[in-house]
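Chemist:
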Amino acid sequence: MTDISTLAPPHEFGFSTEQVHAGYLGEAGHGARITPLYLSAGFIFDDFEHARARFAGTDLGYVYSRINNPTNAAVEKALAELEHGVGATLVGSGQAAATVALLSVLKAGDHFLSAPSIYEGTRALFRGNFARFGIEVEFVENPNDPADWHRRVRENTRLFFGEAIPNPKNDLIDIEAIATAAHENGVPFAIDSTVPTPYLLRPIDYGADIVFHSTSKFLAGHGNSIGGVVIDAGRFDWAAHPDKFPHLHQPIFEDGAEKTTWVEKFGAKANFAFARAVVAGRFGTSLSPFNAFLVQQGIETLSLRVRQHASNALAVASWLEQQPEVSSVDYPGLASNAYHQLARKYYPRGAGSVFAFTLAGGQDAAKILYDAVEVFTRMTHIGDVRSLILHPPTTTHSKLSQAERDKAGIHPGLIRLSVGIEDVDDLIADLDRAFRVLRGENPPALRAAVTDGGFTPADGL
Numbered sequence: 001m002t003d004i005s006t007l008a009p010p011h012e013f014g015f016s017t018e019q020v021h022a023g024y025l026g027e028a029g030h031g032a033r034i035t036p037l038y039l040s041a042g043f044i045f046d047d048f049e050h051a052r053a054r055f056a057g058t059d060l061g062y063v064y065s066r067i068n069n070p071t072n073a074a075v076e077k078a079l080a081e082l083e084h085g086v087g088a089t090l091v092g093s094g095q096a097a098a099t100v101a102l103l104s105v106l107k108a109g110d111h112f113l114s115a116p117s118i119y120e121g122t123r124a125l126f127r128g129n130f131a132r133f134g135i136e137v138e139f140v141e142n143p144n145d146p147a148d149w150h151r152r153v154r155e156n157t158r159l160f161f162g163e164a165i166p167n168p169k170n171d172l173i174d175i176e177a178i179a180t181a182a183h184e185n186g187v188p189f190a191i192d193s194t195v196p197t198p199y200l201l202r203p204i205d206y207g208a209d210i211v212f213h214s215t216s217k218f219l220a221g222h223g224n225s226i227g228g229v230v231i232d233a234g235r236f237d238w239a240a241h242p243d244k245f246p247h248l249h250q251p252i253f254e255d256g257a258e259k260t261t262w263v264e265k266f267g268a269k270a271n272f273a274f275a276r277a278v279v280a281g282r283f284g285t286s287l288s289p290f291n292a293f294l295v296q297q298g299i300e301t302l303s304l305r306v307r308q309h310a311s312n313a314l315a316v317a318s319w320l321e322q323q324p325e326v327s328s329v330d331y332p333g334l335a336s337n338a339y340h341q342l343a344r345k346y347y348p349r350g351a352g353s354v355f356a357f358t359l360a361g362g363q364d365a366a367k368i369l370y371d372a373v374e375v376f377t378r379m380t381h382i383g384d385v386r387s388l389i390l391h392p393p394t395t396t397h398s399k400l401s402q403a404e405r406d407k408a409g410i411h412p413g414l415i416r417l418s419v420g421i422e423d424v425d426d427l428i429a430d431l432d433r434a435f436r437v438l439r440g441e442n443p444p445a446l447r448a449a450v451t452d453g454g455f456t457p458a459d460g461l
């Protein structure tokens with residue numbers, strides 16, 4: 001018999017190898033190396049007993065694509081592995097991911113804490129929809145001070161929430177400190193990690209319990225599909241808190257034959273199982289297999305793209321910092337940024353590629369520069385291979401009051417960039433030309449417009 005104590009530890013693959021191979025489930029009988037696209041609403045049962053077994057869970061095959069699908073399963077397995085989680089659930093959008101992630105924990109009468117700087121769609125979800133469900137959100141003022149989280153905890157507090165790289169201000173949070181504070185109060189920490197992706201950050205390694213992404217962004221990467229994913233760390237001790245999370249300590253089928261609870265049956269994966277079956281499954285948040293297939297294709301080049309995104313972003317941010325019209329650049333990769341030390345700790349591979357800069361000339365200056373770019377595309381999206389530009393005060397943050405925008409640092413001259421993977425010299429040349437227009441010069445176009453049925457960059461790429 002082999003003495004396993006003498007065996008070397010298993011080889012640990014690098015990220016780029018994992019992103020190509022993780023999640024591959026094989027294709028029985030056909031030998032396809034890439035998991036095929038299964039565009040089928042349901043799946044055939046061999047006979048009466050086969051159908052019964054599928055619904056009873058004794059046969060783990062596929063039943064209905066709202067619940068599970070082979071294409072989706074491969075992508076879920078890959079994302080769970082890349083994030084160091086125990087399971088993942090694909091959903092129809094990033095907004096659906098936020099909803100499923102938090103409603104798997106929260107119920108009417110609960111209170112939860114959130115970092116103040118988060119995506120505005122998530123803020124509206126919390127303050128509007130969750131409030132209608134009887135769930136109260138409270139925003140901490142100093143998210144990187146654990147004492148601020150501790151002092152706000154109530155008897156009915158059930159979760160801490162934050163965003164890894166907040167969009168657009170990049171005011172980073174101390175993930176490890178917040179996760180520790182959550183656990184000291186017996187609640188899980190959920191985090192939106194859309195902007196860094198698992199290539200730049202694996203929040204579970206720093207104590208996060210639930211991670212979610214908008215797969216529409218960097219994971220898919222090409223602006224061609226909407227989707228979201230929720231990943232469970234499988235580390236939070238749900239069994240230790242029956243008073244706080246009673247839904248996981250109740251019978252799975254209260255009116256059926258099975259009286260086993262979620263915790264008894266699934267242990268540390270209880271919340272993952274509940275989120276998938278009860279929240280995502282019953283609300284019908286399922287992702288189309290076609291969009292899952294596009295996400296799968298994007299994941300395979302994630303490290304290559306994100307590496308270029310981050311490198312370009314640092315170069316662009318450094319250039320912007322030197323422009324006299326710019327009053328501030330919100331990019332933590334810059335040594336001058338207030339969050340640079342946190343970036344060095346959590347993002348050694350790069351501080352992402354979505355950030356804002358503010359023009360001293362206010363909205364009038366922002367309008368001139370915004371309309372003058374040729375390579376940057378004017379649209380509301382991030383994480384595309386193409387570089388994108390937006391004016392948040394009049395778009396994504398326009399529903400906030402002026403006082404709320406001022407408090408959040410969303411000043412009239414603020415412009416958000418999502419830096420793509422183009423040649424960085426071309427991106428800087430585009431911005432340089434736009435700044436020359438802002439200064440009242442009349443620079444030539446970067447390239448002549450195509451006249452034989454083609455396009456001009458100024459028309460929006």
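In our numbering, the protein residues as written are 1 to 461. For each residue, glycine too, the CB sits at the ideal point set by N, CA and C.
Which of helix, strand or coil does DSSP assign to Y206?
Modeler: Of the three classes helix, strand and coil, the one that applies to Y206 here is helix, per DSSP.
Chemist: With burial defined as no fewer than 16 other Cβ atoms inside 10 Å of the residue's Cβ, what is the status of P203: buried or exposed?
Modeler: With 16 or more Cβ atoms within 10 Å of its Cβ, P203 is classed as buried.
Chemist: In this structure, does DSSP put P198 in helix, strand or coil?
Modeler: Residue state, collapsed to three classes: helix.
Chemist: Tell me, which residues are paired with H150 by DSSP?
Modeler: Note: H150 sits in no beta bridge, so no partner.
Chemist: Can you name, in chain order, every residue of its own chain whose Cβ lies under 7 Å from the Cβ of L103, other than the five neighbours on each side?
Modeler: So the qualifying residues of the chain are V279.
Chemist: Measuring alpha carbon to alpha carbon, tell me which residue in S216, W238, Y64 is nearest S40.
Modeler: It is Y64 whose Cα lies nearest to the Cα of S40.
Chemist: Taking DSSP's pairing of strands, which residues face E136 in a bridge?
Modeler: DSSP output for E136 lists H111 as bridge partner(s).
Chemist: Can you list, in chain order, the stretches of the alpha helix (DSSP H) that have 4 or more residues and sit fully within the stretch 278–352?
Modeler: Complete alpha helix (DSSP H) runs here, min 4: 289–299, 302–321, 340–346.
Chemist: Would you call the CB atoms of V385 and G440 closer than 7 Å?
Modeler: Contact: no.
Chemist: Can you tell me whether DSSP reads P251 as helix, strand or coil?
Modeler: P251 falls in the strand class under three-state DSSP.
Chemist: Go ahead and label K169 buried or exposed: buried means 16 or more other beta carbons lie within 10 angstroms of its beta carbon, across all protein chains shown.
Modeler: Buried, because 16 or more other Cβ atoms sit within 10 Å of the Cβ of K169.
Chemist: Which residues does DSSP list as the beta-bridge partners of Y38?
Modeler: Beta-bridge pairing links Y38 to no other residue.
Chemist: Using DSSP with H/G/I as helix, E/B as strand and the rest coil, what is P10?
Modeler: In the structure shown, P10 sits in coil (DSSP, three-state: anything other than H, G, I, E or B).
Chemist: Between the alpha carbons of E300 and N442, how many angstroms are there, rounded?
Modeler: Rounded to the nearest angstrom, the two C-alpha atoms are 43 Å apart.
Chemist: When you compare the stretch 85–105 with the stretch 361–371, are there three or more beta-carbon pairs, one atom per stretch, that lie closer than 8 Å?
Modeler: The stretch 85–105 vs the stretch 361–371: no contact.
Chemist: For E163, does the count of other Cβ atoms within 10 angstroms reach 16, so buried, or fall short, so exposed?
Modeler: Buried, since its Cβ has 16 or more Cβ neighbours within 10 Å.
Chemist: Quick one: Cα of A56 to Cα of R151, how far?
Modeler: Cα-Cα distance, rounded: 46 Å.
Chemist: Can you check which of these residues, G227, R54, A270, is closest to H247 by C-alpha distance?
Modeler: Out of G227, R54, A270, A270 has the C-alpha closest to the C-alpha of H247.
Chemist: Nearest CA to the CA of Q323: which residue from N224, N142, D432, H340?
Modeler: Residue D432 is the option with its Cα nearest to Q323.
Chemist: Shorter than 7 Å from the beta carbon of K169 to some beta carbon of chain B?
Modeler: Judged by its chain identifiers, the structure shown contains no chain B, having just a single protein chain.
Chemist: Are there 16 or more other CB atoms within 10 angstroms of the CB of L60, so buried, or fewer, so exposed?
Modeler: Classification for L60: exposed.
Chemist: Give the secondary structure of G462 by DSSP, where H, G and I count as helix, E and B as strand, and everything else as coil.
Modeler: The structure shown does not extend to residue 462, since the chain is modelled only from 1 to 461, so the question has no answer here.
Chemist: Do you know offhand how far H391's Cα is from T377's?
Modeler: Taking the straight line from one Cα to the other gives about 12 Å.
Chemist: Please classify I389 as buried or exposed, where buried requires at least 16 neighbouring CB atoms within 10 angstroms.
Modeler: Counting Cβ neighbours within 10 Å, I389 comes out buried, since at least 16 surround it.
Chemist: Measure the alpha-carbon distance for Q296 versus A360 and round it to whole angstroms.
Modeler: For Q296 and A360, the distance between alpha carbons rounds to 42 Å.
Chemist: Name the two residues that bound the continuous beta strand (DSSP E) containing R158.
Modeler: Start and end: 157–163.
Chemist: By Cβ distance, which residues of its chain are closer than 6 Å to F126, with the 5 residues on each side in sequence left out?
Modeler: Around F126: V137.
Chemist: For F13, does the count of other Cβ atoms within 10 angstroms reach 16, so buried, or fall short, so exposed?
Modeler: Per the 10 Å Cβ criterion, exposed.
Chemist: Can you grab the Cα-Cα spacing for the pair V75 / G281, in whole Å?
Modeler: Cα-Cα distance, rounded: 17 Å.
Chemist: Under a three-way DSSP split, which group does I191 fall into?
Modeler: Three-state DSSP puts I191 in a strand.
Chemist: Between I410, L320, I118, which lies nearest to V424 when the distance is taken from Cα to Cα?
Modeler: With distances taken between Cα atoms, V424 lies closest to L320.
Chemist: For S16, which of L302, H50, V140 has the nearest alpha-carbon?
Modeler: Comparing Cα-Cα distances from S16 to each of L302, H50, V140, the minimum goes to L302.
Chemist: For I382 and D47, I'd like the C-alpha separation in whole angstroms.
Modeler: So the two alpha carbons sit approximately 47 Å from each other.
Chemist: If you check the beta carbons only, do S472 and T358 fall under 7 Å apart?
Modeler: Nothing can be reported for residue 472: it is not among the residues displayed for the chain, which extend from 1 to 461.
Chemist: With a threshold of 7 Å on Cβ separation, who are the neighbours of F455 within its own chain once the five nearest residues in sequence on each side are excluded?
Modeler: Because the pLDDT of F455 is 42, which lies under 50, any placement of that residue in the model is unreliable, and the question is left without a value.
Chemist: Under the rule that 16 or more other beta-carbon atoms within 10 Å means buried, what is R52, buried or exposed?
Modeler: By the 10 Å Cβ count, R52 comes out exposed.
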